[in-house]
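*Asks:* Before I ask anything, here is the structure I am working with.
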Amino acid sequence: MKAGRQHQRAAVSGGRTSGGTSRSARDSTATGRPDREKALSIAKNTTSTCSENRRWRSSVSTLSPDRLPRHLAIIVDGNGRWANQHGLTRTAGHRAALPSMFVIVNTAIDLGLRNLSLYLFSSENWKREPAEIATIMEIMTNAINGYMPFFETRGVRIRWSGREIEGFPELTETLRSWQERTSEHTGLTLNLCVNYGGRQEIVNAVRRLSDDIVAGELSPEDIDEDAIISRLYQPDLPPVDLLIRTSGEKRISNLLLWQSAYAELHFPDRLWPDFTQTDLIEAVETYADRDRRFGGAVDQHPGEDTTPAGTVEHRPVPRAAEPIAPTGKRVAILGAGIAGLSAALELAERGYAVTVYERHELGGKARSIPAPGSGLPGEHGFRFFPGFYQNLTDTMRRIPFPGNQNGTWDNLVDTSAYLGARADGTPDAMIPFLPDSPLPPAVYSFTPDTATAIISYLASTISHVPEDEALFGARKFLAYWASCDERRLGQWDKISWNDFLNADKMSVQFQRSFADGMIRNLAAIKSDEASTHSVGLVSEATIWSALGRGNEPGGTVDRVLNGSTDEKLLSPWIDHLRNLGVEFKVGWSAEALRVSDGRVTALTLRDDQGGDHITSYDHVVSAIPVERFTRLLSRDVLDAAPELARTRRLRTDWMNGLMFYLKEELPLVHGHVNYVDSPWAITSISQAQFWTRPFSEYHDHTVKECLSGIISDWFKPGTFNGKAAKDCTPEEIAKEAWEQIKAHLNTEGRTVLRDDMLHSWFLDPAIVAPGTPDVANDSPLFIQSPGSWDDRPESRTSIANLFLAGDWVRTNINVTTMEGANEGARQAVNALLDADGSAAPRCTLGELHVAPDFAALKEADRERYRQGLPHALDPEQLAPFAQEVRAG
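Under numbering that gives the first Met the number 0, think of the first position of the sequence shown as 0, with each following residue one higher.
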């Protein structure tokens, strides 16, 4: 194979497995690991697709409160049948029911429902096998203790309807404890029907009436409906307005017989583990449309509004800004990645004449890269768009796309789950995502105790971190969240995330959960090389996003494009810029800046034929990567802008893509996969499930899937060949990465990824001269190493007409991302407009969510930091760097 030719037909083989059928389902009681072939179905039905989520969010905000059911009751049914359909045990079916419970309770809260009853275990269920009963009781106990710390932050009040649970004191105590603990809460009343029977409830009420009559406290003439209601398990609950039974069974099975006298009945076919927030909203909308007469008749009055409750009101569609009249000013933009294209759009809309110079291809690292000889789309690394992105997504709404009301933004689709796959025998971590929603701030608040409880519980149960370490890690998170800005920049930016967590002294599970595992999918950084402030900030934003806070309108925690980046974003963007008059010079690079009297007076540009050109512009925006910008720092430039000398200290790292094209679809999970134990820090996404265009249309109709991966550690020895990726040939890289992925997927004798699935592979061509001593990375990524904030420049420089755009300048998001590049571009444009004295509107700058929950703690920490004291909530009480403490 010739060096540089990095698209290959399948030649990867060997390893621990070969052939075989896709892995069948596992018994989750033994492993806790869901069958991966079926994981897509499980994950998809835990949350909804993009369009469903958007419809759900709109419905939440438009359903009239007076048309909502005051009391919703749900018979949780179908767990066993769901397990049978998926080839799992009944135990696995009961465990699979838990995410639906979490989703439905949260959806009920977001809808504004006041009372929700869940029928979890009837008094007739004691007829089941003792082993199954014991498992159900254990699952309920763990679920209530696990979910309630979160539900408590949302003001949920627990009620228990049912008789004493003989033989299971832990569940009885759990129900009583949470009922007492939440008795003063004013949010949703969650009535858990456990060991409950409706007939028995009425019998008990009648017995109490009889006892009161015998005791002379009540006469028979006093018996009426109120007398009976007052003696039910939960007399303060209103009658059931809507009763739902999942699984298609059409009976109410002894649930709340008295309370359901006038209930509307809804019997969806969907089994409970597949029941989603979309199913619930449809049921509530149907209820809201019903004309409930309660035995009477209601006629519509003339002029009465007949718009069904729940009708969605559409927001005005954002339109691209109308260009302002030409200013006569000329701007050169160096670089056509996300930063350069973002700056070009903002300036062109404001009337500037823009020329963009790009040494390679338009789109920079974000562009799609056709695999040689096939036309299959490759990439530097897969793209994803968190809900907390505010700036890039605003730009996307302003880029026209045929058939889309919201431009290229409408090409985003939601993922619904994240998979942390393991190769060491530890159970995988499957994390479902909840949709974004407006949450009542008065109810939805965090305290240090609840935040710590939630994080430590998730870490210990999902990632299997030892409980004491999970608690320690949660407290470290809390210490960062509750830190003032001065401490974040003055102390936390100076130490690595690994040192902040003291991860080297912790278990492997802790390291792979709280340290590297947590950040691998979020940013191009490693825990021992990244500042605590950068990792802490993006982790904080991600957690708030997952909880529905800080997302842009319509945003969810994790989104991807529904096709290649070129087709769905970059090509429409570039076409739009050309329509606005932007000129592109591809193959041209900046070689020198000539500076005189504090201004850039000339640019030396090298064309695609190697010829040099000297030209001048009114303004220059540098949107090239930091390692290329520093080559322009001549003595003249540094004399005029000495602050730029510190940019030479900024570091980069390797993080490059490797695509595996498969002959069959392989939806491992409806989202991203982190191969937690891979020494090369591999992550991936199965793209076919999200793309509207089949992969078979790109080539010879045999390719059905792209398993798009990223290798984030090029310097650690591989598992199978013992070599670092940077020392391998392209073939060795592909084979080792393939085997590392198989080691995570093909476990316990089952095969998910087979060698005969592989059609071909494609390695990012930015890896130059692989397998030779001269190997290099032509497109490394900037990393936020400890202390790097002080070395990063502002977008405005001391040179009056030179401005910096990119994710390596100081930005609010503070991490190497497309969002950071777009934000840096907006900052540069605003600085240019200020320097020009322009009356044009300034670019908006979206900000990350600042939780009001911790405002008082941050203010108290600000005073402690000024006094040189450690954070009060830091479990290690790390003292700040004395030289960084700012007094006053």
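Ideal placement from N, C-alpha and C gives every residue a C-beta, glycine not left out.
Please work out which residues of its chain come closer than 8 Å, Cβ to Cβ, to S50, disregarding the five sequence neighbours upstream and downstream, and give them in chain order.
*Replies:* Here residue 50 corresponds to residue number 51 of the sequence shown, with the count starting at 1. Note on S50: pLDDT 41, under 50, position unreliable in the model; the coordinate value appears next. Contacts found: none.
*Asks:* Does the Cβ of P237 have 16 or more other Cβ atoms within 10 Å, making it buried, or fewer, making it exposed?
*Replies:* For the purposes of this step, residue 237 is taken as the residue at position 238 of the sequence shown. Looking at its Cβ environment, which holds fewer than 16 other Cβ atoms inside 10 Å, P237 is exposed.
*Asks:* Between L255 and G161, which are expected to be in contact by the criterion C-beta below 8 Å, what is the C-beta distance as a whole number of angstroms?
*Replies:* As a first step, residue 255 must be located in the sequence shown, where it is residue number 256. As a first step, residue 161 must be located in the sequence shown, where it is residue number 162. By a beta-carbon distance limit of 8 Å, L255 does not contact G161. Their separation comes to about 12 Å.
*Asks:* Go to K584, then tell me how far its beta strand (DSSP E) extends in each direction, as first and last residue.
*Replies:* For the purposes of this step, residue 584 is taken as the residue at position 585 of the sequence shown. Start and end: E582 to V585.
*Asks:* Between the beta-carbon of M817 and the beta-carbon of I337, is there less than 8 Å?
*Replies:* Along the sequence shown, one-based indexing puts residue 817 at 818. Along the sequence shown, one-based indexing puts residue 337 at 338. A Cβ-Cβ contact shorter than 8 Å links M817 with I337.
*Asks:* Use the C-beta contact count for K857: other C-beta atoms within 10 angstroms, 16 or more gives buried, fewer gives exposed.
*Replies:* In the sequence shown, the residue the question calls residue 857 occupies position 858. With 16 or more Cβ atoms within 10 Å of its Cβ, K857 is classed as buried.
*Asks:* Assuming H93 contacts N78 under a Cβ cut-off of 8 Å, what Cβ separation, rounded to an integer in Å, is found between them?
*Replies:* The residue labelled residue 93 in the question sits at position 94 within the sequence shown. The residue labelled residue 78 in the question sits at position 79 within the sequence shown. H93 to N78, Cβ: 5 Å. Contact.
*Asks:* Can you say whether N890 is buried or exposed, counting buried as having 16 or more other CB atoms within 10 angstroms of its CB?
*Replies:* Any question about residue 890 goes unanswered here, given that the chain covers just 0 to 887.
*Asks:* Give me the Cβ distance between L187 and L112, rounded to the nearest whole Å; I'm assuming they're in contact under 8 Å.
*Replies:* Locating residue 187 in the sequence shown gives position 188, counting from the first residue. Locating residue 112 in the sequence shown gives position 113, counting from the first residue. With 8 Å as the limit, L187 and L112 qualify as a contact, their Cβ atoms being about 6 Å apart.
*Asks:* Are E735 and F719 closer than 8 Å when you measure CB to CB?
*Replies:* Reading the sequence shown from its first residue, position 736 is the one you call residue 735. Reading the sequence shown from its first residue, position 720 is the one you call residue 719. Taking 8 Å as the cut-off, the beta carbon of E735 is found closer than this to the beta carbon of F719.
*Asks:* What are the start and end residues of the alpha helix (DSSP H) that includes V702?
*Replies:* Translated into the one-based positions of the sequence shown, residue 702 becomes position 703. Unbroken run through V702: none, as it is neither H nor E.
*Asks:* To which residues of the same chain is K364 closer than 7 Å at the C-beta, ignoring the five residues directly before and after it?
*Replies:* Here residue 364 refers to the residue found at position 365 when the sequence shown is read from its first residue. Counting only residues of its own chain and dropping the five nearest sequence neighbours on each side, K364 has a CB closer than 7 Å to the CB of G336, H379 and S778.
*Asks:* Taking the alpha helix (DSSP H) that R207 belongs to, which residues open and close that run?
*Replies:* Counted from its first residue, the sequence shown places residue 207 at position 208. Its alpha helix (DSSP H) spans residues G197 to V213.
*Asks:* Are V239 and A72 closer than 8 Å when you measure CB to CB?
*Replies:* Taking the first residue of the sequence shown as position 1, residue 239 is located at position 240. Taking the first residue of the sequence shown as position 1, residue 72 is located at position 73. Cβ atoms of V239 and A72: closer than 8 Å.
*Asks:* Got a sec, what are the start and stop residues for the beta strand (DSSP E) G419 sits in?
*Replies:* Numbered from its first residue, the sequence shown carries residue 419 at position 420. Note, G419: beta strand (DSSP E), A416 to A420.
*Asks:* Answer yes or no: the CB of G327 versus the heavy atoms of the ligand FMN, is any distance below 7 Å?
*Replies:* Here there are no bound small molecules, and the ligand FMN is not part of this structure.
*Asks:* Please list, in chain order, all residues of the same chain as F826 whose beta carbon is under 6 Å from its beta carbon, the five residues on each side excluded.
*Replies:* Here the question's residue 826 lines up with position 827 in the sequence shown. The displayed chain sequence assigns Gln, not Phe, to residue 826. Counting only Cβ-Cβ distances below 6 Å, and skipping sequence neighbours, we find S794.
*Asks:* Could you say if the region 555-572 and the region 382-400 meet the contact criterion of at least three C-beta pairs nearer than 8 Å?
*Replies:* yes
*Asks:* Look at L346 and V599 and say whether their C-beta atoms are less than 8 Å apart.
*Replies:* Along the sequence shown, one-based indexing puts residue 346 at 347. Along the sequence shown, one-based indexing puts residue 599 at 600. Contact flag unset, no.
*Asks:* Sort L344, L569 and G770 by Cα distance to P729 and report the nearest one.
*Replies:* Counting from one through the sequence shown, the residue named residue 729 turns up at place 730. With distances taken between Cα atoms, P729 lies closest to G770.
*Asks:* Between the Cα of I430 and those of A458, R486 and Q404, spot the shortest distance and give me the residue it belongs to.
*Replies:* Along the sequence shown, one-based indexing puts residue 430 at 431. Nearest option by C-alpha distance: A458.
*Asks:* Using only the alpha-carbon positions, how far apart do P68 and I143 sit?
*Replies:* Counted from its first residue, the sequence shown places residue 68 at position 69. Counted from its first residue, the sequence shown places residue 143 at position 144. Going by the C-alpha atoms only, they are around 24 Å apart.
*Asks:* How about V808 and V537: do their beta carbons lie closer than 8 Å?
*Replies:* The residue given as residue 808 occupies position 809 in the sequence shown. The residue given as residue 537 occupies position 538 in the sequence shown. Contact check for V808 against V537 fails: the beta carbons are separated by 8 Å or more.
*Asks:* Note down the Cα distance separating W151 from T181, rounded to an integer number of angstroms.
*Replies:* For the purposes of this step, residue 151 is taken as residue 152 along the sequence shown, with counting starting at 1. For the purposes of this step, residue 181 is taken as residue 182 along the sequence shown, with counting starting at 1. According to the sequence provided, residue 151 is Glu. The question's Trp does not apply to it. Cα to Cα, the separation comes out at about 7 Å.
*Asks:* Tell me which same chain residues have a C-beta within less than 7 Å of the C-beta of E883, skipping the five on either side of it?
*Replies:* Position 884 of the sequence shown, counted from the first residue, corresponds to residue 883. Note that E883 scores 38 on pLDDT, short of 50, meaning its location in the model is unreliable and no value can be drawn from it.
*Asks:* Within the continuous alpha helix (DSSP H) that includes Q565, where are the two ends?
*Replies:* To locate residue 565, count along the sequence shown from 1; it is residue 566. For the record, residue 565 in the displayed sequence is Asp; it is not Gln. It is not in any alpha helix (DSSP H) - D565 carries neither H nor E in the DSSP assignment.
*Asks:* Just to confirm, is the Cβ distance from A906 to L847 under 8 Å?
*Replies:* The structure shown does not extend to residue 906, since the chain spans only 0 to 887, so no value can be given for it.
*Asks:* Using the C-alpha atoms, what's the distance from I228 back to N203?
*Replies:* Numbered from its first residue, the sequence shown carries residue 203 at position 204. Numbered from its first residue, the sequence shown carries residue 228 at position 229. Distance between the alpha carbons of N203 and I228 is about 11 Å.
*Asks:* In terms of residue numbering, what span does the alpha helix (DSSP H) encompassing H758 cover?
*Replies:* In the sequence shown, residue 758 corresponds to position 759, counting from 1. No alpha helix (DSSP H) contains H758, which is instead part of the beta strand (DSSP E) from L757 to L762.
*Asks:* Curious, which full-length alpha helix (DSSP H) runs of at least 4 residues does the region 90-169 contain?
*Replies:* 97-110 and 129-152
*Asks:* Does DSSP classify L242 as helix, strand or coil?
*Replies:* Here residue 242 is taken as the residue at index 243 of the sequence shown, counted from 1. Note: L242 maps to strand in three-state DSSP.
*Asks:* Counting Cβ pairs, one atom from each stretch, are 3 or more of them under 8 Å apart for the region 501-508 and the region 691-705?
*Replies:* Contact between the region 501-508 and the region 691-705 is absent, because fewer than three Cβ pairs lie under 8 Å.
*Asks:* Give the single residue among A469, L803 and R627 whose Cα lies nearest to the Cα of A640.
*Replies:* Counted from its first residue, the sequence shown places residue 640 at position 641. Nearest of A469, L803 and R627 to A640, Cα basis: L803.
*Asks:* Can you grab the Cα-Cα spacing for the pair Y356 / A589, in whole Å?
*Replies:* Your numbering for residue 356 matches position 357 in the sequence shown. Your numbering for residue 589 matches position 590 in the sequence shown. Straight-line Cα distance between these residues: approximately 8 Å.
*Asks:* Whose C-alpha, out of A469, D606, I368 and I684, is nearest the C-alpha of S570?
*Replies:* Stepping through the sequence shown from its first residue, residue 570 is reached at position 571. Of the candidates A469, D606, I368 and I684, the one whose C-alpha sits nearest the C-alpha of S570 is I368.
*Asks:* Please state if the CB of V534 and the CB of W572 are separated by a distance shorter than 8 Å.
*Replies:* Taking the sequence shown and counting its residues from 1, the one referred to as residue 572 is at position 573. Taking the sequence shown and counting its residues from 1, the one referred to as residue 534 is at position 535. Result no, Cβ atoms of W572 and V534 do not sit closer than 8 Å.
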